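S.K.:
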Amino acid sequence: MKEFFQLNKPKLVFAFKFTSVLFLALVLIAFGIGYLNGQVPELSLFLVVIFGAGIGMPIFILLIGTLRGTWDLHKRRKAFSTYPFSELLNYGFMEQLKNDNKRWQFTEPILTGQIDNFKIIAEVDTQHEPDIIKFQALTEVEVIGKDEVKRLTRKFSTDDINLDFQGVSKRISVKNHRMNNVTELSNELSRFIRIINQENFKPKK
Numbered sequence: 002m003k004e005f006f007q008l009n010k011p012k013l014v015f016a017f018k019f020t021s022v023l024f025l026a027l028v029l030i031a032f033g034i035g036y037l038n039g040q041v042p043e044l045s046l047f048l049v050v051i052f053g054a055g056i057g058m059p060i061f062i063l064l065i066g067t068l069r070g071t072w073d074l075h076k077r078r079k080a081f082s083t084y085p086f087s088e089l090l091n092y093g094f095m096e097q098l099k100n101d102n103k104r105w106q107f108t109e110p111i112l113t114g115q116i117d118n119f120k121i122i123a124e125v126d127t128q129h130e131p132d133i134i135k136f137q138a139l140t141e142v143e144v145i146g147k148d149e150v151k152r153l154t155r156k157f158s159t160d161d162i163n164l165d166f167q168g169v170s171k172r173i174s175v176k177n178h179r180m181n182n183v184t185e186l187s188n189e190l191s192r193f194i195r196i197i198n199q200e201n202f203k204p205k206k
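Take any residue in the sequence shown, count from 1 to its spot, add 1: that is its number in my numbering.
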């Protein structure tokens, strides 16, 4: 949880302030409408509701978000620390932060590297596939016809390769028992790049 706070402290502070103002505004509007209709609450009730809206609800929402974010970060770290993926940092990959400048999304660590001029982004979809690391090769965006998309999808599916919005990706399970060492992982990634090179995909400039 400590690492999650370090990565997202400014965003959590912003989220608390935003939700606090939002809930307070809604409550005050509701009280205002009631007052115009002759309904005046007791002071104790008014203060309890104001406290709950301005502090209680924001804290509850942030607690849920923090627990989920901490769990996601744990799953992401677990995937990247599984051998031989843990050796990627020694083979040209480096850790970067995704969503670091976005207020509405939590910051999360990813790995980036380069293979044969293709920039590679390695990340984990912790909500849907926490045991899968997706290696995305960023490519130039080109218009591809429906028939070509179908052909590529059929060809790529046998190698767990998918067409993505920003390029082409290779999915590798951290539980893949064929990945016994970093050489096999490196060979698999090199083969992935050879396949997309054969289909004339160009590295994103």
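For every residue, glycine included, the Cβ atom is placed at its ideal position computed from N, Cα and C. Bear in mind that the values here come from a model prediction, so they are computed numbers and not experimental data.
Taking 7 Å as the limit between beta carbons, can you name the residues of its chain near residue 104, skipping five residues before and five after?
M.R.: Against the sequence shown, residue 104 aligns to sequence position 103. Correct list, in chain order: 12 and 15.
S.K.: Across which residues does DSSP place residue 191 in a beta bridge pair?
M.R.: Walking along the sequence shown from the start, residue 191 turns up at place 190. Answer by DSSP bridge pairing: none, since residue 191 is not bridged.
S.K.: Taking its Cβ as the centre, do 16 or more other Cβ atoms sit within 10 Å of residue 35, making it buried, or is it exposed?
M.R.: If you number the sequence shown from 1, residue 35 lands on position 34. With fewer than 16 Cβ atoms within 10 Å of its Cβ, residue 35 is classed as exposed.
S.K.: Which runs of the alpha helix (DSSP H) at least 4 residues long sit entirely within the stretch 113 to 199? Give them in chain order.
M.R.: Counting only runs of 4 or more, we get 147 to 158 and 183 to 199.
S.K.: Comparing C-alpha positions only, which one of 86, 121 and 130 sits nearest to residue 73?
M.R.: Against the sequence shown, residue 73 aligns to sequence position 72. The option with the nearest alpha carbon to residue 73 is 130.
S.K.: Mark residue 19 as exposed unless 16 or more other C-beta atoms lie within 10 angstroms of its C-beta, in which case mark it buried.
M.R.: Numbered from its first residue, the sequence shown carries residue 19 at position 18. Classification of residue 19: exposed, given that the 10 Å Cβ count is below 16.
S.K.: When you compare the CB positions of residue 89 and residue 112, do they come within less than 8 Å of one another, or not?
M.R.: Within the sequence shown, numbered from 1, the residue matching residue 89 stands at position 88. Within the sequence shown, numbered from 1, the residue matching residue 112 stands at position 111. For residue 89 and residue 112, yes; Cβs fall inside 8 Å.
S.K.: Can you give the beta carbon distance from residue 175 to residue 134, rounded, assuming they're within the 8 Å contact cut?
M.R.: As a first step, residue 175 is located in the sequence shown; it is residue number 174 there, counting from the start. As a first step, residue 134 is located in the sequence shown; it is residue number 133 there, counting from the start. Confirmed, Cβ separation roughly 6 Å.
S.K.: For residue 98, which beta-bridge partners are listed by DSSP?
M.R.: Against the sequence shown, residue 98 aligns to sequence position 97. Residue 98 pairs with 110.
S.K.: Please identify the residue among 202, 197 and 182 whose C-alpha is closest to the C-alpha of residue 86.
M.R.: For the purposes of this step, residue 86 is identified with residue 85 of the sequence shown, where counting begins at 1. Per the Cα distances, 182.
S.K.: Measure the C-alpha to C-alpha separation of residue 30 and residue 22 and round it to an integer number of angstroms.
M.R.: Mapped onto the sequence shown, residue 30 falls at position 29. Mapped onto the sequence shown, residue 22 falls at position 21. Going by the C-alpha atoms only, they are around 12 Å apart.
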